[in-house]
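Each remark here refers to the structure printed beneath this line.
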Amino acid sequence: MFPYIVLLIMFIRGVTLPNAWIGIKYFIVPKWEDIAGPKVWFEAVGQCFFSLGTAFGPLFMFGSYNRFKHNVYRDAWIVSGLDTFTSLFAGFTVFAVLGNLAGELEVEVEDVARAGAGLTFISFAQGLGTFTVVPQLFSVLFYLMLLTLGIGTGVSFTGAIVTVICDEFPRLPRWQVVTGVCVVGFSVGLIYVTPGGPFMLDLVDHFGGNFVLYIMATLEVIAVAWVYGLNKFCKDMEFMLGIKLGWYWKICWGFAAPGGLTVMLVYILATEERKTLNGLAIPDWAIVFGWMVAAVAFAVVPLIAIKSVVQSKASGILE
């Protein structure tokens, strides 16, 4: 509840600032010319993936600990609703502060609204500095909130990796696995706090995050709907939940999700070009490194598939 308490405090203070409405208006009024293009929809889908954790390991890890008859249908509605509410709530809070910052600097909101980590650690930090009442307190609360959210995210991703390793190698002591994963993760993460850290973060996020995530999500829905079988999957869900699934879910799982993700994946590949960071072109070695990161992440799929086929007692590869 701590993040919501901090957000509520920030929201109340933010909307009472002199130029808060300027930022809120910038947040809620869409640019229709951008909505007509595919790029904004691609970014929106990507945000949904990261915000909801769709196709990420932690969801599968948490779900594996549920009872078989657990009402995941209800949970999906609750999580989606809370995520949407939180995103809007945080958006109003952030842009109210940015609107005040833009008014103080006598510039447009778009001039202070940065993308990525710059929004949190530069623009919003400057906005908190414009508060006339105990700005230090608001800054401490804000970054404590980020710290708690970061710890929660780290615990969930670490738990997902630990669960996979412990399931594959049950004889390994769990505390040793947890220690090893944390040490490796911490060691690799040190590169992001070096002078070249923002560059590497952007590079890994693009190739190892967005790109691989779309591939994995596409393969997941295709595997469930068209390899395992849509009818079989629906019967399993009906048996688990005790409800009858309508045609809406069958269309979503069987056609809309795999079709939409495939279109998105094709769009990514078709529009992939040499990226720039802070106006500088990414060098060739970085492009090669990025594709290597994507290849290593994707290689897990065929390797596990081959392992499953080899160890399976089925009569054929299709079975």
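Numbering-wise (this note's numbering), the sequence shown opens with residue 82 and increments by one.
Note that the Cβ used here is the ideal one computed from N, Cα and C, for glycine as well.
Practice task
Pick out whichever of ARG195, ILE203, VAL178 and VAL236 has its Cα sitting closest to the Cα of THR213.
Solution key: Comparing alpha carbon positions, the residue from ARG195, ILE203, VAL178 and VAL236 closest to THR213 is VAL178.
Handout entry: ARG94, buried or exposed, once every other Cβ within 10 Å from all chains shown has been counted against 16
Key = Classified as buried, ARG94 has 16 or more neighbouring CB atoms from the shown chains inside 10 Å of its CB.
Handout entry: GLY180 beta carbon less than 7 Å from that of ILE109
Key = Not a contact, by the Cβ cut-off of 7 Å.
Exercise for the section: Could you tell me whether the Cβ atoms of ILE303 and PRO339 are closer together than 7 Å? Expected result: Yes, Cβ-Cβ distance for ILE303 and PRO339 is below 7 Å.
Practice task
Check each candidate in ILE232, TYR295 and PHE280 and name the one with the smallest Cα separation from ILE363.
Solution key: Checked all of ILE232, TYR295 and PHE280; the closest Cα to ILE363 is PHE280.
Practice task
Using only alpha-carbon positions, find the residue among VAL382, VAL390, MET373 and ILE90 that is nearest to ASP219.
Solution key: Checking the sequence shown, residue 219 turns out to be Phe, not Asp. That would be ILE90, whose Cα lies nearest to the Cα of PHE219.
Handout entry: ILE116 versus TYR348: straight-line alpha-carbon distance, rounded
Key = Spanning the two alpha carbons is a distance of roughly 16 Å.
Problem - Local Cβ density within 10 Å of THR165, reported as buried at 16 or more and exposed below that - result: Result: exposed.
Exercise for the section: Answer with buried or exposed for THR135, where buried requires no fewer than 16 other C-beta atoms within 10 angstroms of its C-beta. Expected result: THR135 should be labelled exposed.
Practice task
Please say whether PHE173 and ILE105 have beta carbons closer to each other than 7 Å?
Solution key: Against a cut-off of 7 Å, the Cβ pair of PHE173 and ILE105 comes out as a contact.
Exercise for the section: Give the straight-line distance between the Cα atoms of ALA337 and GLY310, rounded to the nearest whole angstrom. Expected result: Each residue's Cα considered, the two are about 15 Å apart.
Exercise for the section: Only counting runs of 4 or more residues, tell me where the alpha helix (DSSP H) segments fall wholly within the stretch 179-254, in order along the chain. Expected result: Within the stretch 179-254, complete alpha helix (DSSP H) segments of at least 4 residues are found at 190-193, 205-210 and 216-249, given in chain order.
Handout entry: Selected residue, minimal CA-CA separation from PHE320, among ASP286, ALA101 and TYR154
Key = It is TYR154 whose Cα lies nearest to the Cα of PHE320.
Practice task
State the DSSP-derived secondary structure class of ALA117, mapped to helix, strand or coil.
Solution key: It is coil, neither helix nor strand.
Practice task
Tell me whether the beta-carbon of ILE296 lies closer than 7 Å to the beta-carbon of PHE238.
Solution key: Going by C-beta atoms, ILE296 is not nearer than 7 Å to PHE238.
Handout entry: Buried versus exposed, by CB contacts within 10 Å (16 or more), PHE176
Key = Counting Cβ neighbours within 10 Å, PHE176 comes out buried, since at least 16 surround it.
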